[in-house]
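J.: Numbering-wise (full-length UniProt numbering), the sequence shown opens with residue 1 and increments by one.
Cβ coordinates follow ideal geometry from the N, Cα and C atoms, glycine included.
Please read these numbers as outputs of a predicted model, since none were measured by experiment.
One structure follows; several queries about it will come next.
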Amino acid sequence: QWGWIQCPKRSLKPLSGAITAYTDAGRKSKTAAVTWQEEGQWHHHILQATDLDTLQTMELLAVVWAMMHFSGPLNIVIDSLYVAGVCERIEDASIKKVQNRRLHELFM
1 QWGWIQCPKR SLKPLSGAIT AYTDAGRKSK TAAVTWQEEG QWHHHILQAT
51 DLDTLQTMEL LAVVWAMMHF SGPLNIVIDS LYVAGVCERI EDASIKKVQN
101 RRLHELFM
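Rendered as structure tokens:
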């Protein structure tokens, strides 16, 4: 009998030699930000919220952007318990219909 061997994409310990991206979002500014250092230079990317965004979806948007932008090993530092919980559970998740259209966009 054959079975799948799961190879986790997430690590509880920081990856050595990886880029570390710091993410945050602001409710009043309606923006999310990703900041990282590459070759001794600091870089940042600012993301604008849509009308559908909440603080939680903006925090998630920053993490999604970082994961899509960087192709190599990546450490992400977040201050959102919501996003940390999502990241912890996402590997074992099933795709299902959600009522929040913005969450659907971010997860797909």
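1. With distances taken Cα to Cα, identify the nearest neighbour of G40 among D24, A25, V64 and I19.
2. Compare the beta carbon distance of V86 and A62 with 8 Å and say whether it is the shorter of the two.
3. Do Y22 and V77 have their C-beta atoms closer together than 8 Å?
4. DSSP state of Q56, grouped into three classes?
5. Using a Cβ-Cβ cutoff of less than 6 Å, which residues in the same chain neighbour A49 once the five nearest sequence positions on both sides are dropped?
6. What residues in its chain sit with their C-beta under 6 Å from that of S80, if we drop five residues either side in the sequence?
7. Determine the closest residue to R101 out of D51, L47 and C7, with distance taken between C-alpha atoms.
T.: According to the structure shown:
1. Looking up residue 40 in the sequence shown gives position 40. The option with the nearest alpha carbon to G40 is I19.
2. As a working note, residue 86 is residue 86 in the sequence shown. As a working note, residue 62 is residue 62 in the sequence shown. No, Cβ-Cβ distance for V86 and A62 is not below 8 Å.
3. Stepping through the sequence shown from its first residue, residue 22 is reached at position 22. Stepping through the sequence shown from its first residue, residue 77 is reached at position 77. Result yes, Cβ atoms of Y22 and V77 sit closer than 8 Å.
4. The sequence position of residue 56 within the sequence shown is 56, counting from 1. Here Q56 sits in helix by DSSP.
5. Counting from 1 along the sequence shown, the entry for residue 49 is found at position 49. Cβ within range, chain order: K30 and M58.
6. In the sequence shown, counting from the first residue as 1, residue 80 sits at position 80. Around S80: E59.
7. Counting from one through the sequence shown, the residue named residue 101 turns up at place 101. The shortest C-alpha separation from R101 is found at D51.
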